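Chains as they are written, first to last, in my numbering: chain A, 148 to 456; chain B, 1155 to 1491.
From the three backbone atoms N, C-alpha and C, an ideal C-beta is built for every residue, glycine too.
Values in this document were obtained by computation on a predicted structure and should not be read as measured data.
Right, one structure below, let's go through it.
Next comes the structure, spelled out in structure tokens:
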């Protein structure tokens, strides 16, 4: 509930209980602060669950929502609209282009996942996809209209403030679906920590569940990136935080814990980004890294996420 | 009594991407009863892991069938297979913040509902499995902080929690020191007998396998398979044939492998008891062969306080020494002359 205009507790109370009389503070609260906080909670939990899924599927503590290049795909779509002026350059155009870009990369990755036997080679393929798409974006920046660059760079900073009430349902619903998709894969997520052949020998169909988990992670990453831009570090840091705080590797506990920690940390990051009352908002990406990096440090140095073996 | 597992004309190997099959070994005609340990031995690349993966269904056989009881494993779903067969691999995974109890509880997966919730009964089975493997003290520890031996115990507890009648272990002794290897195989043998489960394990530890296994399956690295009692395999010369190299030979008399030493000389030996046994070991280690020759002759005087060794180079040259070192020194002088 922090922003450029400071609202006293009584303003907030009035705006909540009797919006007609509260005037400008009601507008600020209902049209900006509440949607922003809700967006932060939804996007934060979605990205964090995506990070958890990637870390478990690839059994790699450095994996995050962006390892498979999905946000790069969204970036490619946005670059097409904002830099090359494809479409009208409207917010709706940006949204659809980002969605198409993310879906395209997601399809390619899931298609690869179907044919790829080892998760390690899939991880490398995903990283390569990301580099490839990023280089296309660089080319567009090089050849694109310099005057339009600012809009693209701003999108790349990430923000929770772009989602309006009429879009909240799509964001929240898609993140909800993505999280629900992981529930049937619960046994896979828990057993695959022991290795894929061990998981299979415990009666779990590894190949099918791997695609379900990656599909859910891709969906969560795609929808949050489309609405909020690429938001770094949350997805990588929050699963570590959840494991360290809740002292467990059991996804029955870890999944809700990650949702909770992700929502809280994203709201905090949103507040910090909006703290400077004069100079507008800080780039969200810079704030999440400032918060995320110490969290990863702390979690790793606490010992229960050691990088060895 | 019905057999726990048998394979019929099984050929194992890999199928390459273009559908071409590479056969590693076959035919394998494995059959055994509850309460038995079978050890798979063979040189690297002879197909030990391939066979284990094929039996658990991780790899498809090139030809032939595998039966659990009376049912072919191809008729069983993944979940049903997991209720009857447990696999223990050496790979422990990067499971951070996983407790010992949770790692054993994963063995209940083939029995629990889709959300992986543990019932009271599940918890009892997990608890009991940990007691059987003497690992209850590891319940609240984190798996990534344990030693290899402790993780191995938890992995076996997990296999027990799976309530499978057949447990397959891939190289369970690989990362353990000798006392822990003996302890692990002893534990497996006791579990086998008391719970009437079957155990198949692959190992490079031929000596230990011969001591603990009820039967051994030897993969010779050229595709042939021998399956029999360890002693029968030794008598048939299978171990010498498969494992001997230019420098290493299988000692039929003692059932162990030795490095061939140059210039082995025969020595006559008299004596019985502990001191005599360890003297024989020392002689073998130094490359002496105990045989029916007249000289040199060693006689052990087994005195509980001060043992002594009477040594004769020939009828006139005799000597008495009071420690092993002096004996070996003297023998090496004879060898030089």
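Do you know how far the Cα of residue j is from the Cα of residue i?
i, j, result
"residue 322/A", "residue 1339/B", "50 Å"
"residue 451/A", "residue 1319/B", "Bear in mind that a pLDDT of 47 at residue 451/A, under 50, signals an unreliable position, so the model cannot answer this."
"residue 455/A", "residue 437/A", "Legend: pLDDT at residue 455/A = 40, less than 50; position of this residue unreliable, value from coordinates given subsequently. In a straight line, the C-alpha of residue 455/A is about 25 Å away from that of residue 437/A."
"residue 256/A", "residue 1411/B", "52 Å"
"residue 360/A", "residue 339/A", "12 Å"
"residue 1230/B", "residue 1313/B", "19 Å"
"residue 1384/B", "residue 1394/B", "13 Å"
"residue 1437/B", "residue 1482/B", "8 Å"
"residue 1480/B", "residue 1463/B", "9 Å"
"residue 206/A", "residue 266/A", "9 Å"
"residue 1427/B", "residue 1456/B", "7 Å"
"residue 1227/B", "residue 1158/B", "12 Å"
"residue 349/A", "residue 187/A", "38 Å"
"residue 1468/B", "residue 1364/B", "40 Å"
"residue 1452/B", "residue 1435/B", "14 Å"
"residue 1484/B", "residue 1371/B", "44 Å"
"residue 1100/B", "residue 1460/B", "Residue 1100/B cannot be examined here, being either before or after the span of chain B that is shown, 1155 to 1491."
"residue 262/A", "residue 366/A", "20 Å"
"residue 1350/B", "residue 1315/B", "15 Å"
"residue 1180/B", "residue 1259/B", "36 Å"
"residue 1254/B", "residue 1304/B", "9 Å"
"residue 1194/B", "residue 1356/B", "4 Å"
"residue 1429/B", "residue 1458/B", "9 Å"
"residue 1170/B", "residue 1216/B", "11 Å"
Per DSSP, which residues does residue i bridge with? Please list them.
i, result
"residue 1298/B", "Its beta-bridge partners do not exist; DSSP assigns none."
"residue 1420/B", "1443/B"
"residue 1410/B", "1405/B"
"residue 1253/B", "1296/B"
"residue 1373/B", "1379/B"
"residue 1352/B", "1320/B"
"residue 1221/B", "1160/B and 1226/B"
"residue 1451/B", "1422/B and 1466/B"
"residue 1186/B", "1159/B"
What first and last residue would you give for the beta strand (DSSP E) that runs through residue i?
i, result
"residue 1466/B", "1462 to 1466"
"residue 1323/B", "1320 to 1324"
"residue 1161/B", "1159 to 1169"
"residue 255/A", "Segment 238 to 262 is the alpha helix (DSSP H) holding residue 255/A; no beta strand (DSSP E) there."
"residue 1474/B", "1472 to 1475"
"residue 1179/B", "1175 to 1182"
"residue 167/A", "Element bounds for residue 167/A: not the beta strand (DSSP E) but the alpha helix (DSSP H), 166 to 169."
"residue 1191/B", "1191 to 1195"
"residue 1239/B", "1239 to 1242"
What are the boundary residues of the alpha helix (DSSP H) that residue i is part of?
i, result
"residue 221/A", "217 to 229"
"residue 1456/B", "No alpha helix (DSSP H) contains residue 1456/B, which DSSP labels as neither H nor E."
"residue 390/A", "381 to 393"
"residue 307/A", "Residue 307/A -> no alpha helix (DSSP H), and no H or E assigned at all."
"residue 1366/B", "1360 to 1366"
"residue 183/A", "181 to 204"
"residue 1281/B", "1274 to 1286"
"residue 286/A", "266 to 290"
"residue 1384/B", "1384 to 1389"
"residue 409/A", "398 to 420"
"residue 1270/B", "Per DSSP, residue 1270/B belongs to no alpha helix (DSSP H) and is neither H nor E."
"residue 345/A", "343 to 348"
"residue 210/A", "Segment: none, residue 210/A is in no alpha helix (DSSP H) and carries neither H nor E."
Does residue i come within less than 8 Å of chain E when only Cβ atoms are used?
i, result
"residue 1264/B", "Among the protein chains of the structure shown, namely A and B, there is no chain E."
Proximal residues, the region 1194 to 1212 of chain B versus chain A, C-beta separation under 9 Å: 1207, 1210, 1211 and 1212
Sufficient close CB pairs (3 or more, under 8 Å) joining the region 1384 to 1402 of chain B to the region 1218 to 1226 of chain B: no
Contact between the region 1329 to 1336 of chain B and the region 1282 to 1292 of chain B (3+ Cβ pairs under 8 Å): no
Chain B contacts made by the region 345 to 360 of chain A, where a contact means CB separation under 9 Å: 345, 346, 347, 348, 349, 350, 351 and 352
Three CB pairs or more closer than 8 Å across the region 405 to 424 of chain A and the region 1257 to 1267 of chain B: no
Sufficient close CB pairs (3 or more, under 8 Å) joining the region 305 to 313 of chain A to the region 355 to 375 of chain A: yes
Residues of the region 1352 to 1384 of chain B whose Cβ lies closer than 8 Å to any Cβ of chain A, in chain order: none
Contact the region 382 to 397 of chain A vs the region 235 to 253 of chain A: 3+ CB pairs below 8 Å: no
Interface residues of the region 381 to 402 of chain A facing chain B [CB-CB below 9 Å]: 387, 390, 391, 393, 394, 395, 396, 397, 398, 399 and 401
Any 3 or more C-beta pairs closer than 8 Å across the region 416 to 423 of chain A and the region 175 to 191 of chain A: yes
Interface positions of the region 1228 to 1250 of chain B facing chain A (Cβ-Cβ less than 9 Å), listed along the chain: 1231, 1232, 1233, 1234, 1235, 1236, 1237, 1239, 1240, 1241, 1242, 1243, 1245, 1246, 1247, 1248, 1249 and 1250
Interface positions of the region 1384 to 1415 of chain B facing chain A (Cβ-Cβ less than 9 Å), listed along the chain: none
Contact set between the region 332 to 345 of chain A and chain B, restricted to residues whose Cβ is under 7 Å from the partner: 333, 334, 337, 338, 340, 341, 342, 344 and 345
Cβ-based contacts, 9 Å cut-off: residues of the region 219 to 233 of chain A near chain B: none
Meets three-Cβ-pair contact criterion under 8 Å: the region 1163 to 1175 of chain B and the region 215 to 234 of chain A: no
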